[in-house]
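To start, the structure under review is shown below, and the notes come after it.
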C-alpha cells in the first residue's frame, strides 16, 4: 500500500509503526586452513589499499550483512519460536508466503525494537505491493505494534526493512509488563512475484526508561517549510552495501556513483534537537524513455525503523528525490499523529538508503550514474531526555565522539555547515579502518588456532 504523503510531495511505501490497538578437523588441517585464511586476508587488505573502488558498495544487488550476525531459524508457531537477545543482529530466511515467529523476553521498563530487513535476489521479480511486515505481540496474541514496508513504484528488488516495538514509554497502556513477547515477520507477496526465499537480517534494540517523566504530547510547532538544498562543492563518498557497513555522512554535499540495481547505504548522526533533510540527485544519461520510480531515497531511524521514502522517475535527464520535512529529533515525537514524525523519536545514526531501479539499465544503459546527496542538518544539539540506564546496543540513542570522528575521517573534508567543501578525493580514514581490521583479522586467526576447540556460550536473559 502506498500512503499519501505530506503536501502531495512524499510517497510513503509502508504502514509505519502503529500501536496494536488500532489494528492489531584436526589440528594440522586447522593450521593449514588458518594460514590460507591469513593469506586471503592480506590479499584482501592490499586490494582495498589499491584504490577507492575497493571500498565501494559492491556489485548491484549485493547486500552486506553484519559480520557478527548469528544464524537463527524462524518458527511457524509461537511454541517453537527461537529467542532473540537484546542488542543483537541475526541472519534468517523468509520463504515465499512465509510467516515466521521469533521470541523476546522483556522486562517491564524498557522499550524493545525489532527490525527485519528483507533482501530479495538481484534479478528477481517484485511488484510495488510486495514487501515485509513486522508485528510484535504479547503472550496472548494481542498486537503491540506493526509496520509493513513495500518496494514501491520502482518495482525493483532491493533491501527493505520494517520494524515493530513493545513501547513502555510513559503514558502507554498496551503490552505492558515483563514477560514473553513474540515477533511475527511476514512476507507480502503479489501474484507473479518470484518464489525464491529472501535472506533476512534481524536487529534488536532496547531503549531504557527515563530517569524522570517528561512531556507525553508531541511538539505542536516546528519548522515544516521545505529548506533550501545544501550548496557547495561535492566531496566523494562511496556508499556502503548494508546497514552494518553504512558510510558516515554529515551536513554537506556528497558524490558517489551508482549502477542500476544497486543500493547504497549511508548513516547521518543526528543529535537531539537537530532536524535532518536530504535530497538525492541522479545525473543525466541522454537517450529517451521513462522509468517510473527509478530513484528511491529512503530514510530509516537508528533502530532501522522505516521513516519515509521519496521517489523520482527518470527520462534520461537530471532528476531528484527529496525527503519531505521532518521534525527535529525529540523523545516526545513518539506521541505524535503522523507516522514519519513519530519515527524521529531518538538521537543516533539515521540511515539514508539510495536505490537505482534495475529497469534503468534497459532504457539508459548499465552506467554507472553520478549520484549527488545533499544532506542538511539544522538546529543546535540539545541534551537528551535523560535515560535511567544504558541502551542495547550501547550508545544507540546518542551521537558519540566516534560518530563525529567517522563523519570527518571516513572520507574527504567536504560539505561543511556553511555549504563549503574541499571537494578533494580522500578516504584515508576508511583505509586506516580497513588496515586495522586486516591486522585484527590476522591476530584473530592466530588466537583462533589456540582456542578452536572452544564453543562460546551466551546467557539469555530478559531485555
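Residue numbers (my numbering): 46 to 508.
A virtual CB, placed ideally from N, CA and C, is assigned to each residue, including glycine.
Inset, instruction - Evaluate residue 273 with the Cβ neighbour count: other Cβ atoms within 10 Å of its Cβ, from every protein chain shown; 16 or more gives buried, anything less gives exposed. - result: Classification of residue 273: exposed, given that the 10 Å Cβ count is below 16.
Inset, instruction - Ignore the nearest five residues each way along the sequence and tell me which others in residue 202's own chain have a CB closer than 6 Å to its CB. - result: Short of 6 Å from the beta carbon of residue 202, and not among the five residues preceding or following it, lie these beta carbons of its own chain, in chain order: 165, 169 and 171.
Inset, instruction - In the DSSP assignment, find the beta strand (DSSP E) that holds residue 379 and state where it starts and stops. - result: From DSSP, residue 379 is part of no beta strand (DSSP E); its letter is neither H nor E.
Inset, instruction - Along the beta strand (DSSP E) that carries residue 210, what are the first and last residues, could you check? - result: That run of the beta strand (DSSP E) goes 205-211.
Legend entry - Backbone CA spacing between residue 412 and residue 361 [nearest angstrom]: Looking at the backbone, the Cα of residue 412 and that of residue 361 are separated by about 12 Å.
Inset, instruction - For residue 233, write down the residues that DSSP places opposite it in a beta bridge. - result: Answer is 176, bridged to residue 233.
Legend entry - C-alpha distance - residue 142 paired with residue 179, whole-angstrom precision: The alpha-carbon of residue 142 is positioned some 14 Å away from that of residue 179.
Inset, instruction - Label residue 284 either buried or exposed according to how many other C-beta atoms from any shown protein chain fall within 10 Å of its C-beta, with 16 as the threshold for buried. - result: By the 10 Å Cβ count, residue 284 comes out buried.
Inset, instruction - Could you tell me which of 434, 454 and 414 sits nearest to residue 510, measuring between CA atoms? - result: No statement about residue 510 is possible, as the shown extent of the chain runs from 46 to 508 and does not include it.
Inset, instruction - Use the C-beta contact count for residue 340: other C-beta atoms within 10 angstroms, 16 or more gives buried, fewer gives exposed. - result: Counting Cβ neighbours within 10 Å, residue 340 comes out buried, since at least 16 surround it.
Legend entry - Ordered list of beta strand (DSSP E) runs contained in the segment 110-168, each at least 3 residues: At a cut-off of 3 residues, the continuous stretches assigned as beta strand (DSSP E) that sit fully inside the segment 110-168 are 134-139, 144-151 and 156-163.
Inset, instruction - Would you mind sorting residue 333 into buried or exposed? The rule is 16 or more other CB atoms within 10 Å of its CB. - result: Its Cβ having fewer than 16 others within 10 Å, residue 333 is exposed.
Inset, instruction - Identify whether residue 90 lies in helix, strand or coil by the three-state DSSP scheme. - result: At residue 90 the pLDDT is 38, less than 50, meaning the model places this residue with poor confidence and gives no usable figure here.
Inset, instruction - Please report the residue range of the beta strand (DSSP E) in which residue 310 lies. - result: 308-315 is the extent of the beta strand (DSSP E) around residue 310.
Inset, instruction - Report buried or exposed for residue 450, applying the criterion of at least 16 other Cβ atoms within 10 angstroms of its Cβ. - result: The residue is exposed, with fewer than 16 neighbouring Cβ atoms inside 10 Å.
Legend entry - Meets three-Cβ-pair contact criterion under 8 Å: the segment 174-191 and the segment 205-222: Segments in contact, yes.
Inset, instruction - Identify which residue in 297, 343 and 305 has its Cα closest to the Cα of residue 423. - result: When only C-alpha atoms are compared, the closest one is 297.
Legend entry - Cα-Cα separation, residue 291 to residue 307: Rounded to the nearest angstrom, the two C-alpha atoms are 14 Å apart.
Legend entry - Nearest-angstrom Cα separation, counted from residue 447 out to residue 174: The straight-line gap from Cα to Cα measures roughly 39 Å.
Legend entry - Rounded C-alpha distance that separates residue 370 from residue 344: Note on geometry: alpha-carbon atoms of residue 370 and residue 344 lie some 12 Å from one another.
Legend entry - Helix, strand or coil at residue 348 according to DSSP, with G and I counted as helix: Looking at residue 348 - three-state DSSP - the assignment turns out to be coil, as it is neither helix nor strand.
Legend entry - Simplified DSSP state of residue 290, which is helix, strand or coil: In the structure shown, residue 290 sits in a helix (DSSP, three-state: H, G or I).
Inset, instruction - Assign residue 161 to one of two classes, buried (16 or more other C-beta atoms within 10 Å of its C-beta) or exposed (fewer than that). - result: Result: buried.
Legend entry - Pairwise C-alpha distance: residue 416 and residue 276: For residue 276 and residue 416, the distance between alpha carbons rounds to 15 Å.
Legend entry - For residue 405, the three-state DSSP class (helix, strand or coil): Under the three-state reduction of DSSP, residue 405 is assigned to helix.
Legend entry - Proximity below 8 Å, CB of residue 397 to CB of residue 305: The answer is no: Cβ separation not under 8 Å.
Inset, instruction - May I have the straight-line CA-CA distance separating residue 444 from residue 391, to the nearest angstrom? - result: Spanning the two alpha carbons is a distance of roughly 10 Å.
Inset, instruction - Classify residue 382 as buried or exposed, calling it buried when 16 or more other Cβ atoms lie within 10 Å of its own Cβ. - result: Exposed: under 16 other Cβ atoms inside 10 Å.
Inset, instruction - Starting from the Cα of residue 265, find the closest Cα among 132, 379, 120 and 405 and give me that residue. - result: Residue 265 has its Cα closest to that of 379, out of 132, 379, 120 and 405.
Legend entry - Contact the segment 247-264 vs the segment 219-226: 3+ CB pairs below 8 Å: The segment 247-264, when compared against the segment 219-226, does not touch it at the 8 Å Cβ threshold.
Legend entry - N- and C-terminal bounds of the beta strand (DSSP E) containing residue 451: Careful: residue 451 lies outside any beta strand (DSSP E), inside the alpha helix (DSSP H) at 446-454.
Legend entry - Test item: CB-CB of residue 321 and residue 431 under 8 Å: Contact check for residue 321 against residue 431 fails: the beta carbons are separated by 8 Å or more.
Legend entry - Boundaries (first-last residue) of the beta strand (DSSP E) holding residue 257: Where residue 257 is concerned, there is no enclosing beta strand (DSSP E), given that its DSSP letter is neither H nor E.
Inset, instruction - Taking residue 267 as part of the beta strand (DSSP E), name the residues at either end of that continuous run. - result: Residue 267: not part of any beta strand (DSSP E); DSSP gives it neither H nor E.
Inset, instruction - Measure the CB-CB distance between residue 452 and residue 314 and report whether it falls below 8 Å. - result: Contact: yes.
Legend entry - Element boundaries [beta strand (DSSP E), containing residue 249]: Bounds of the beta strand (DSSP E) holding residue 249 are 243-252.
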